[in-house]
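First comes the structure, then the notes that go with it.
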Amino acid sequence: MSWDISGYEKWTWDEIPLGAMTLEGGTGVEHKTGDWRVKRPVWDKEKCKNCLFCWVYCPDNCCEAKDETMVGIDYEHCKGCGVCAQVCPFDAIHMMGEKDARAEEEGEH
Amino acid sequence: MAENNIKVMAASGDQMVAEAFRQANPDVLPVYPITPQTIIVEEFDRFVAEGRIHTEFVPVESEHSAMAAAIGASAAGARTITATASQGLAYMWEELYVAAGMRLPIVMANANRALSAPINIHGDHSDIMGCRDSGWIMLFAENAQEAYDDTLISFRVAEHPDVMLPVATTLDGFITSHALDRAELMDDEVVAKFVGEYKPERSLLDTDDPVSYGMFANLGNFYMENKLAQRKAMDASMKVLQEVGDEWEQISGRPFEMVKTFGMEDAERVIVVIGSSIGNARHVARILRERGEKVGVVGLRVFRPFPAEQLVNALKGAKAVAILDRTESFGGEGGPLWAETVAALTKAGVDVPCRNYIYGLGGADVTVELLEGIYEDLKELPAQAAKHEIPAVAYRGNRS
């Protein structure tokens, strides 16, 4: 359904949806939770055999696959739990400090 | 009174609740058995086994799961019931707040029972009064008939668009849950018409129109607004309760009074009490009034929302009031009924001396002598109040 949330910051008790409902699905995509991360998983495409263990085990659907092939990690939502790195049988994912990773990224740009 | 095929039953309160549940035709009943509520689910299970009703009966592994399943079923749009008591209700604790916060119109019967330790299976209000702040509407039946009537009324109130709150319809363990009583069972079709069909506005299972319930509301993010909405709904439920109760009176001939009075036309010494002991107090007051004593009883049938206005009106002419709590609030000035009553009187500016008694814990006998003793105490109360020497909360019925 279409849900008009314009001006929601000013909603009063009788304007909010009953029972703290959200009247649409899939809103988690809009909620960027990746900045909670302390360590990030770094995926090595060369070592990856596309077993997709990480895809199965990730508790937050952040190991992204397409056509049965691993394509990358969703850093906007990954919280850095490290399960993917733990379950990978091929050492294709290693955890890296978020601070170092960001410094490295900035160096590249 | 409407045309009605009334069946007069010799039944326990639990049986009458089971009959009311059957007649309300719920969709889902997740439940775990616990004394003294067990008869309710045993009876209901029998109705299901006999094919008299097609409710989804879910025998879960604990009360925590029972309420969790009830929350899920209700959010999915099902008319949902459950029943519990004592430790079971305590085990549901966190879920009770979830049900209320998500505004789910679950109807739950509670056979009021003591809490451990020491272990005790008998009636008092320790369990139900403990969850008085959880956001559930709370009804207290005096007898099997009220347990039946309250249960039917509960569905209409819970599912009313101005309310949308869970309701705990309660009866005192063993005294009301198990003792055989005379009660009238109304015709199935008449009840079905009264209770009506639950038409939820939304369903968690509607994939074409998806919703999430009870969404994250952190720092300043609508948590206060959601709680205020619950308070407003609880306030609104007062009017709805009376309207639905009055409608039920038209059908049953039995009035729904949130505050029941006896002898209050001239009573000076008054006992305020809730639950099955209202009957005991009325019995004793009748004996004393026959001897010319000006005593009375004010009994509550509803505790949440608290019927402050009716209670204050009933007590306006009183000279001394005893408030009886069948539960403890250790370290407090008194029990929950005491606290609410005194607050209501103070707010209304009614200056009448009150004192608090704790009685009947763990099913301790509520005798004629006990209640006579309290009426006797009240003779001294106005003089004690004048000297600012109202006695502290006192136990009655214990070995002293």
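Line by line, the protein sequences give chains F and B.
Per the numbering used here, the first sequence runs over residues 128 to 236.
Per the numbering used here, the second sequence runs over residues 634 to 1033.
We treat Cβ as the ideally placed atom computed from N, Cα and C, and that holds for glycine.
Keep in mind the model is a prediction, meaning the values are calculated, not measured.
{"Item": "Counting pairs of Cβ atoms below 8 Å between the segment 915-922 of chain B and the segment 862-873 of chain B, do you hit three or more?", "Value": "no"}
{"Item": "Among F:Gly199, F:Gly152 and F:Thr139, whose alpha-carbon lies nearest the alpha-carbon of F:Ile220?", "Value": "F:Gly199"}
{"Item": "Label F:Thr154 either buried or exposed according to how many other C-beta atoms from any shown protein chain fall within 10 Å of its C-beta, with 16 as the threshold for buried.", "Value": "exposed"}
{"Item": "Which residues in chain B sit within 8 Å of F:Glu151, going by Cβ to Cβ distance?", "Value": "Pro843 and Val844"}
{"Item": "Please confirm whether B:Leu861 has its beta-carbon closer than 7 Å to some beta-carbon of chain F.", "Value": "yes"}
{"Item": "Which residue comes first and which comes last in the alpha helix (DSSP H) that contains F:Tyr184?", "Value": "Phe180 to Tyr184"}
{"Item": "Pull up the CB-CB distance for B:Glu652 and B:Tyr781, whole angstroms please, since I reckon it's below 8 Å.", "Value": "7 Å"}
{"Item": "Report all residues from its chain with a CB closer than 8 Å to the CB of F:Gly207; omit the five preceding and five following residues, and keep chain order.", "Value": "Trp163, Arg164, Val165, Lys166, Arg167, Pro168, Met222 and Glu225"}
{"Item": "Closest to B:Ala777 by C-alpha separation, out of B:Gln875, B:Ala977, B:Ile686 and B:Val641, would be which residue?", "Value": "B:Val641"}
{"Item": "Taking three-plus beta-carbon pairs below 8 Å as touching, is the segment 173-184 of chain F in contact with the segment 133-151 of chain F?", "Value": "no"}
{"Item": "Give the interface partners of F:Trp163 over in chain B, defined as CB-CB distance under 8 Å, in chain order.", "Value": "Ordered by position in chain B, no residue passes the 8 Å Cβ test against F:Trp163, which lies about 13 Å from the chain."}
{"Item": "Could you list which residues in chain B have their beta carbon closer than 8 Å to that of F:Asp141, in chain order?", "Value": "Ala862 and Lys865"}
{"Item": "If B:Ile739 and B:Thr715 are in contact, beta carbons under 8 Å, what's the gap, nearest whole angstrom?", "Value": "7 Å"}
{"Item": "Based on Cα-Cα distance, which residue from B:Ile907, B:Leu1011 and B:Lys1020 lies nearest to B:Trp971?", "Value": "B:Ile907"}
{"Item": "So is the beta-carbon of F:His158 under 6 Å away from any non-hydrogen atom of the ligand MN?", "Value": "In the structure on display, the ligand MN does not appear, and there are no ligands present to speak of."}
{"Item": "Is B:Gly847 close to chain F, meaning its C-beta is less than 7 Å from at least one C-beta of that chain?", "Value": "yes"}
{"Item": "Determine the burial state of B:Ala808: buried for a count of at least 16 other Cβ atoms within 10 Å of its Cβ, exposed for fewer.", "Value": "Note that residue 808 of chain B is Ile in the sequence shown here, rather than Ala. Result: buried."}
{"Item": "Within 10 Å of its beta-carbon, does B:Lys949 have 16 or more other beta-carbons around it, so buried, or fewer, so exposed?", "Value": "exposed"}
{"Item": "Should B:Ala635 be flagged as near chain F, meaning a C-beta pair shorter than 7 Å?", "Value": "Since pLDDT at B:Ala635 reaches only 48, below the 50 mark, its modelled position is unreliable, and no value is offered."}
{"Item": "Could you give the distance in angstroms between the alpha-carbon of B:Ile752 and the alpha-carbon of B:Leu1014?", "Value": "36 Å"}
{"Item": "Please state whether DSSP places B:Val731 in a helix, a strand or coil.", "Value": "helix"}
{"Item": "Anything in chain B within Cβ reach of F:Gly134, meaning under 9 Å, just list it in chain order.", "Value": "The premise fails here: F:Gly134 is roughly 14 Å from chain B at the closest Cβ pair, so nothing lies under 9 Å."}
{"Item": "Say whether chain F places a C-beta atom closer than 7 Å to the C-beta of B:Ala706.", "Value": "no"}
{"Item": "Count the C-beta pairs between the segment 819-836 of chain B and the segment 784-796 of chain B that are closer than 8 Å, then say yes if the count reaches three, no if not.", "Value": "yes"}
{"Item": "Count the other CB atoms within 10 Å of the CB of F:Asp171; is the residue buried (16 or more) or exposed (fewer)?", "Value": "exposed"}
{"Item": "Quick one: does F:Ala192 have its CB under 7 Å from some CB of chain B?", "Value": "no"}
{"Item": "Roughly how many angstroms lie between the CA atoms of B:Asp958 and B:Glu973, to the nearest whole one?", "Value": "11 Å"}
{"Item": "Between the segment 733-761 of chain B and chain F, which residues of the former have a C-beta closer than 8 Å to a C-beta of the latter?", "Value": "Gly734, Met735, Arg736 and Leu737"}
{"Item": "For a contact defined as C-beta to C-beta under 8 Å, what are the partners of F:Trp182 on chain C?", "Value": "No chain C appears in this structure, whose protein chains are F and B."}
{"Item": "How many angstroms separate the CA atom of B:Leu737 from the CA atom of F:Cys205?", "Value": "33 Å"}
{"Item": "Please report how far the alpha carbon of F:Tyr135 lies from the alpha carbon of B:Phe849, in whole angstroms.", "Value": "15 Å"}
{"Item": "In three-state DSSP terms, what is B:Ala866?", "Value": "helix"}
{"Item": "Output, in chain order, the set of chain F residues within a Cβ distance shorter than 9 Å of B:Met797.", "Value": "Leu145 and Gly146"}
{"Item": "Near B:Gly896, what residues of its chain come up, given a Cβ to Cβ distance below 7 Å and the 5 sequence neighbours on each side ignored?", "Value": "Ala918, Arg922, Val928, Gly929 and Val930"}
{"Item": "So the candidates are B:Leu978, B:Ile1023 and B:Ile673; which of them puts its Cα closest to the Cα of B:Asp647?", "Value": "B:Ile673"}
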